Each structure stands twice: as C-alpha cells, then as structure tokens.
Amino acid sequence: MDDRREPAVPAMRVSDRDRDEALGVLAAALAEGRLDPHEHEIRSQRALLARTADELAVLTADLPDPAPTRSEQDRKDLGEWLAEWRYWLGGAVIMSGIWGARCAQKGELTYCWPVAPLGVWAAVLIAIAIWPRDADGSGEGEGGRAVAR
Numbered sequence: 000m001d002d003r004r005e006p007a008v009p010a011m012r013v014s015d016r017d018r019d020e021a022l023g024v025l026a027a028a029l030a031e032g033r034l035d036p037h038e039h040e041i042r043s044q045r046a047l048l049a050r051t052a053d054e055l056a057v058l059t060a061d062l063p064d065p066a067p068t069r070s071e072q073d074r075k076d077l078g079e080w081l082a083e084w085r086y087w088l089g090g091a092v093i094m095s096g097i098w099g100a101r102c103a104q105k106g107e108l109t110y111c112w113p114v115a116p117l118g119v120w121a122a123v124l125i126a127i128a129i130w131p132r133d134a135d136g137s138g139e140g141e142g143g144r145a146v147a148r
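133 is the number that numbering that gives the first Met the number 0 gives to position 134 of the sequence shown; each next residue is one higher, with no gaps.
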C-alpha cells in the first residue's frame, strides 16, 4: 500500500495496516480540504470494510500522497547526505590510487594532488550540513534558490 499509483493486485487481501494507511491518506485529504466531511465519512467506512487491495486503491486513487513529516524528511536528508560522503570516499580511493600508481611509476613521492579536489568536495558537503534552513524547512536561501540537501 506504499505506492497507490502501482496497479493493485485485485485478489490480494488487505491487512489492518493497509486499511490504516488508507485512512491516514483520507484524513490528510480531509484536513487539506480535498474531501468534504460527508465524502470522508463514506470513504472511511468503505476503507474499513475493504477486503482487497483494489477496493482500497479506488478510495485513494484521486488523492495525492500526504506530505512527509518533518522527522521523515530529516531522515531522508541524512541518508542522502551520508550517501554523498560514500561517493566522496569512493572518489578518494580512486584519486589516491591514481596518485599512488603515478608515484610508483616515477619511483618517488610527488605532490598529493587529490588533497585539493577532495578538500573542496568535503567543504561543500560540510557547508550543506550547516547551511541554515528557512522556517518551513525548504532550504531556500536568497533569491529562491534551493539548497541541495
């Protein structure tokens, strides 16, 4: 029930958790004014009585996914930021390997050029981590530019 846009398996029976997720989507739609109280009540009753996934999918197909909570968004942002550091580490290994091979080829240690690009890359990642967010958490700074998170 995580992605309502995928076609539901018609004969797949739903669990109480699936019903609760559908009720959450309906409650968010009511709070946003997308559903009036009467329609919300009808759809909620149908969700509670739904036995199969297609019955639930019909009830929420015309509604957008609810916005993620602040904690969900923070968790996602942290995961993306940590993934960037893994890319940085991969770049460090590759660049250091190239530098080491070149030093071995020359038979002497030369200037460790990977320090410059890796230093700039790390500074950008640290700046992203400490860059102030707007009150709404959008991360947009002056001029409406979005800060990569």
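All C-beta atoms, glycine included, are put in the ideal place defined by N, C-alpha and C. All values derive from a computational prediction rather than experimental measurement.
Practice item. Whole angstroms is fine: what's the gap from Glu40's alpha carbon to Gln72's? Key: To locate residue 40, count along the sequence shown from 1; it is residue 41. To locate residue 72, count along the sequence shown from 1; it is residue 73. Roughly 30 Å between the two C-alpha positions.
Review point. Straight-line CA distance for Gly78 to Ile127?
Key: Counting from one through the sequence shown, the residue named residue 78 turns up at place 79. Counting from one through the sequence shown, the residue named residue 127 turns up at place 128. Here the C-alpha atom of Gly78 lies approximately 13 Å from the C-alpha atom of Ile127.
Check your understanding: Based on Cα-Cα distance, which residue from Ala103, Leu58 and Val114 lies nearest to Gly23?
Key -> Locating residue 23 in the sequence shown gives position 24, where the first residue counts as 1. Per the C-alpha coordinates, the member of Ala103, Leu58 and Val114 positioned closest to Gly23 is Leu58.
Check your understanding: What are the residues that DSSP puts in a beta bridge with Thr51?
Key -> Residue 51 sits at position 52 when you count from the first residue of the sequence shown. For Thr51, which the question treats as bridged, DSSP gives the partners Arg12.
Exercise for review: Report, in whole angstroms, the separation of the C-beta atoms of Leu25 and Ser43, which I expect to be a contact under 8 Å.
Suggested key: By one-based count along the sequence shown, residue 25 stands at place 26. By one-based count along the sequence shown, residue 43 stands at place 44. Contact holds; Cβ gap of about 6 Å.
Point to revise | Distance CB(Gly89)-CB(Leu117) smaller than 8 Å | key: For the purposes of this step, residue 89 is taken as the residue at position 90 of the sequence shown. For the purposes of this step, residue 117 is taken as the residue at position 118 of the sequence shown. Cβ atoms of Gly89 and Leu117: not closer than 8 Å.
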